[in-house]
Amino acid sequence: MLKIFSKKGQKGFTLIELMIVIAIIGILAAIAIPQFSAYRARGYMAAVKSDAKNVYTAIQTYLGDNPGATAPADTIATTGGTIYTTAKASPGNTIAVAAGGAITITNASLNGTYIMDASGAVTTDTLAPK
């Protein structure tokens, strides 16, 4: 009966070894999680800037193709059925184009706004992670 409970060739990890592995995993997670959040925020910011440039380009293309156009920029940006439609914003982005041509974009995952004026210059960039 004692031979059944003998510890011949017993293999496995000790409690100390397991605790060290858990501590290492915890340290790695503490470093990786904030970095991952920062990468996501930078991705959202890049999507906002890309959408602003796309809307600006669409408006400029329309005005280039129609030199006599007198429609305000907000009408041009939302003209349906043409290549100038800007309804396809990146997920989480909200685009608003003012009659004067200013493009305002916000993102649900970021604080602040990104505003590009009618000349394509960025006038406000207060985007920051939530």
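Residues 113 to 242, numbered by the working numbering, are exactly what the sequence shown covers, in order. Using N, Cα and C, we set each Cβ at its ideal position, and we do this for glycine too.
Nearest-angstrom Cα distance between residue i and residue j?
i           : j           : result
residue 154 : residue 166 : 18 angstroms
residue 151 : residue 210 : 31 angstroms
residue 224 : residue 148 : 21 angstroms
residue 171 : residue 221 : 26 angstroms
residue 181 : residue 174 : 8 angstroms
residue 219 : residue 234 : 16 angstroms
residue 59  : residue 145 : For the chain, the structure presents residues 113 to 242; residue 59 sits outside this window and is missing.
residue 124 : residue 204 : 49 angstroms
residue 236 : residue 141 : 35 angstroms
Check the C-beta distance from residue i over to residue j and give it rounded, since I have them as a contact under 8 angstroms.
i           : j           : result
residue 239 : residue 157 : 5 angstroms
residue 160 : residue 217 : 5 angstroms
residue 163 : residue 201 : 5 angstroms
residue 212 : residue 168 : That belief does not hold up - the Cβ atoms of residue 212 and residue 168 are roughly 13 angstroms apart, past 8 angstroms.
Can you give me the start and stop residues for the alpha helix (DSSP H) that residue i sits inside?
i           : result
residue 177 : 127 to 177
Locate the beta strand (DSSP E) running through residue i, then write down its first and last residues.
i           : result
residue 229 : Unbroken run through residue 229: none, as it is neither H nor E.
residue 208 : 205 to 209
residue 236 : 234 to 237
Which partner residues does residue i have in the DSSP bridge list?
i           : result
residue 240 : 223
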